[in-house]
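Enquirer:
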Amino acid sequence: MDGMPRTMTGPGQGVRCAVPAVCAAVAALALLTGCGGGDRTAAGEPRPAAPPEPSPSPTEFRRIPGVGDRLHREIPAATRQVVAVHGEDEDSAEAEVVLYTRHGDTWSRERRWPAHNGKRGWTRDHRENDKRSPVGVFTLSDAGGVLPDPGTKLPYTRSDAFAAPRHWPRTHWHDFDHVIAIDYNRVRGTPPNDPTRPLGREKGGSIWLHMDHGSGTSGCVSVSRAAMEHLLRTLDPAQHPVVVMGDGESLAS
1 MDGMPRTMTG
11 PGQGVRCAVP
21 AVCAAVAALA
31 LLTGCGGGDR
41 TAAGEPRPAA
51 PPEPSPSPTE
61 FRRIPGVGDR
71 LHREIPAATR
81 QVVAVHGEDE
91 DSAEAEVVLY
101 TRHGDTWSRE
111 RRWPAHNGKR
121 GWTRDHREND
131 KRSPVGVFTL
141 SDAGGVLPDP
151 GTKLPYTRSD
161 AFAAPRHWPR
171 THWHDFDHVI
181 AIDYNRVRGT
191 PPNDPTRPLG
201 REKGGSIWLH
211 MDHGSGTSGC
221 VSVSRAAMEH
231 LLRTLDPAQH
241 PVVVMGDGES
251 LAS
């Protein structure tokens, strides 16, 4: 997390038929009757309409709500789990985290939680200590924390080196009991507190999902303990999870 002491160890396709068998039969009959004769049967009765394509349920979506074309294109094709962080606005620390899973061509909304982001809001050009969270799509590949692994499929590093400094307010002491590294300016496959920053230190780093203390962060995204434990137990490397994060205007652009 930005601002942590340096003594720590690291930081338009065509429409597809909803019922293939029905569509195939209709297509074959159209070939037999010829152009213009496809709206009635041989007996002259009106031909039944093909069943409409089923609509998604209220918690299922063709695309992730609030996320525009630009960021949707950045979600890897193999991704089946998305943690969407919807910031209130560019300068706000208030946010909502929503977990989506992909099933075929639809995204299901599984869970949602209140959250916080950088205390100064969001930026598309994150810098060290700017107190803003970076906007974008980032993979989620490593986890860790002060507490033991709660049962995650992600690689998990348990270490006292994650402990928040004791000169911080007591409300912040448990921030890093569990963390999930957001792969911004870091090396995937290393512990979340690995200090390596491929883009250089001036671009910031140690951007994590971590436990909430009730207010804005130095650039991370924070959620409740229950939310962190659920995410840790649910995110699966085999599903190629990513986080899509930003304020509403940036996400929708």
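Residue numbers for the sequence shown follow full-length UniProt numbering, beginning at 1 and rising by one.
Beta carbons are placed, not taken as given, at the ideal position from N, Cα and C, and that holds for glycine.
If you follow the alpha helix (DSSP H) that A252 is part of, which residue opens it and which one closes it?
Expert: G248 to A252
Enquirer: Within 10 angstroms of its Cβ, does L251 collect 16 or more other Cβ (buried), or is it exposed?
Expert: buried
Enquirer: Q81 and D236: beta carbons closer than 8 angstroms?
Expert: yes
Enquirer: Write down every uninterrupted run of the beta strand (DSSP E) in the UniProt domain "L,D-TPase catalytic" (105-244) whose length is 3 residues or greater and which is fully enclosed by it, in chain order.
Expert: Entirely contained in the UniProt domain "L,D-TPase catalytic" (105-244), the beta strand (DSSP E) runs reaching 3 residues are, in chain order, 106-116, 136-145, 156-158, 179-182, 208-211 and 221-223.
Enquirer: Count the other C-beta atoms from every protein chain shown that fall within 10 angstroms of the C-beta of A115, then say buried if there are 16 or more, exposed otherwise.
Expert: buried
Enquirer: Does DSSP classify E74 as helix, strand or coil?
Expert: helix
Enquirer: Could you give the distance in angstroms between the alpha-carbon of T234 and the alpha-carbon of H210?
Expert: 15 angstroms
Enquirer: Using CA atoms only, rank isn't needed, just tell me which of V135, N129 and F176 is closest to P148.
Expert: Nearest C-alpha to P148: F176.
Enquirer: Give the straight-line distance between the Cα atoms of A42 and V244, rounded to the nearest whole angstrom.
Expert: Its pLDDT being 42, under 50, A42 is placed unreliably in this model, and the coordinates cannot settle the point.
Enquirer: Using 10 angstroms around the beta-carbon of R73, count the other beta-carbons present and answer buried if the total reaches 16, otherwise exposed.
Expert: exposed
Enquirer: Can you give me the start and stop residues for the beta strand (DSSP E) that T101 sits inside?
Expert: E94 to H103
Enquirer: Taking A77 as the reference, which of D247, S253, P241 and V98 has the closest Cα?
Expert: P241
Enquirer: According to the Cβ coordinates, are D160 and R120 closer than 8 angstroms?
Expert: no
Enquirer: Please report the distance separating the alpha-carbon of S141 from that of D130.
Expert: 25 angstroms
Enquirer: In the DSSP assignment, what residue or residues form a beta bridge with G87?
Expert: A95 and D247
Enquirer: Kindly indicate which residue of I64, A84, W122 and T190 has the alpha-carbon position closest to the one of R112.
Expert: A84
Enquirer: On a CA-only basis, which of G144, V146 and W168 is nearest S218? Give me that one, please.
Expert: Closest in C-alpha terms to S218, from the list G144, V146 and W168, comes W168.
Enquirer: Please name the residue, chosen from P195, S133, L99 and K203, that lies closest to E88 on a Cα-to-Cα basis.
Expert: S133
Enquirer: Which partner residues of V82 appear in the DSSP bridge assignment?
Expert: Y100 and V242
Enquirer: Just to confirm my understanding: we take L71, look at its own chain, exclude 5 residues before and 5 after, and list those with CB closer than 7 angstroms. What are they?
Expert: V137, V244 and L251
Enquirer: In whole angstroms, give me the CA-to-CA distance for T101 and G66.
Expert: The C-alpha of T101 lies about 16 angstroms from the C-alpha of G66.
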